[in-house]
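The block underneath contains the structure these notes are about, expressed in structure tokens.
Protein chains: 2
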Amino acid sequence: MPQTQDVLFRALADPTRRAIFERLCRDGDQTVAALTARAGVSQPAVSKHLGVLKQAGLVRDRHAGRQTHYSAQPKALAPLIDWTSQMAGFWQSRFDDLEVLLKRMDQ
Amino acid sequence: MPQTQDVLFRALADPTRRAIFERLCRDGDQTVAALTARAGVSQPAVSKHLGVLKQAGLVRDRHAGRQTHYSAQPKALAPLIDWTSQMAGFWQSRFDDLEVLLKRMDQ
DNA sequence: CTAATCAATAACCATCGAGTTATGGATCGC
DNA sequence: GCGATCCATAACTCGATGGTTATTGATTAG
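Protein chains in written order, with this note's numbering: chain H, 1 to 107; chain Y, 1 to 107.
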């Protein structure tokens, strides 16, 4: 899913958005008002950020009366982990190839 | 280093830039011309992307005559890995707390 | 020496995105 | 019911950014 990776990376690229996600990971369930209180931006801005995070699958929302609770969905980070280890893996394997090559040249 | 994370996430947020980095991870050392041939954008655009990746520490450049070779520096991904596992960790620990709490309530 | 190639920079343009204020639609407290 | 509160959406602004073409400096080839 290259599309998924794109959405993920883009969602996490913004510092305000990343801070909101971090907060949800640390402290769990939060209402929009609670998040807004610490976000340093207006409530509509927070709502928009939450929308982006939700599209990326990073958060879930739960409606309770007139307030909406959001919670982190860290499983959504999986593609990011996969991508990262894949990049490291490619590098590693090329390094191994180099090792083999050097060893062969050594004989 | 929250600054570092920011630079990293932003550098990897752009698909063209991520593709360049992926290519360098897969295939190793590449000249700007070689990267441009596959990038789907102009040479100056590629140079700019390489500049951003370099600022993030994700690539290194090596000058050889009139051409510049770039190579991936996957160690620079470390802060990204740290951040990710930290987020997963926070979530996990809260989950553990919940487990404990539930067990206590169970008695 | 001259022409050609490579990559970086300059200058510019268009789009995107993060922020704002204003507003509306639900829901709760009284 | 009525005013207040919570959150989402609309409409807009503005700076950042990704793209382009043009150019220049450096190096190589002939």
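Note that CB positions come from ideal geometry on N, CA and C, so glycine has one too.
Supposed close pair residue i, residue j - CB separation, criterion 8 Å
i       : j       : result
H:Thr16 : H:Gln67 : Not really, about 21 Å apart at Cβ, beyond 8 Å.
H:Arg26 : Y:Phe90 : 5 Å
Y:Leu77 : H:Ala88 : 7 Å
Y:Ile81 : H:Thr84 : 6 Å
Three-state secondary structure assigned by DSSP to residue i
i        : result
Y:Ala72  : strand
H:Val41  : coil
H:Ala64  : strand
H:Gln107 : Legend: pLDDT at H:Gln107 = 47, less than 50; position of this residue unreliable, no value from coordinates given.
Cβ neighbours of residue i in the same chain (closer than 8 Å, five flanking residues each side left out)
i        : result
H:Val59  : Phe21, Leu24, Leu50, Leu53, Tyr70, Ser71, Ala72, Gln73
H:Arg104 : Per-residue confidence for H:Arg104 stands at a pLDDT of 47, beneath the threshold of 50, marking its modelled position as unreliable; the derived number appears in the next sentence. Nothing meets the Cβ criterion.
Residue i, buried or exposed, once every other Cβ within 10 Å from all chains shown has been counted against 16
i        : result
H:Pro44  : exposed
H:Ala56  : buried
Y:Asp62  : Checking the sequence shown, residue 62 of chain Y turns out to be Arg, not Asp. Flag for Y:Arg62 reads exposed.
Y:Arg18  : buried
H:Gln107 : Any reading at H:Gln107 must be qualified, since the residue scores a pLDDT of 47, below 50, and its modelled position is unreliable; the value itself is stated next. Label assigned to H:Gln107: exposed.
Alpha-carbon to alpha-carbon, residue j and residue i
i       : j       : result
H:Ser93 : H:Gln86 : 10 Å
Y:Phe33 : Y:Val46 : Reading off the sequence shown, one finds Ala at residue 33 of chain Y, where the question assumed Phe. Looking at the two C-alpha atoms, the distance is approximately 9 Å.
H:Lys75 : H:Arg38 : 25 Å
H:Ala13 : Y:Asp6  : 7 Å
Y:Pro79 : H:Pro79 : 17 Å
H:Asp29 : H:Leu35 : 10 Å
H:Lys48 : Y:Ala64 : 48 Å
Cut-off 7 Å between Cβ atoms - residues of its own chain near residue i, not counting five sequence neighbours on either side
i        : result
H:Val145 : There is no way to answer for residue 145 of chain H, as the model of chain H reaches only from 1 to 107.
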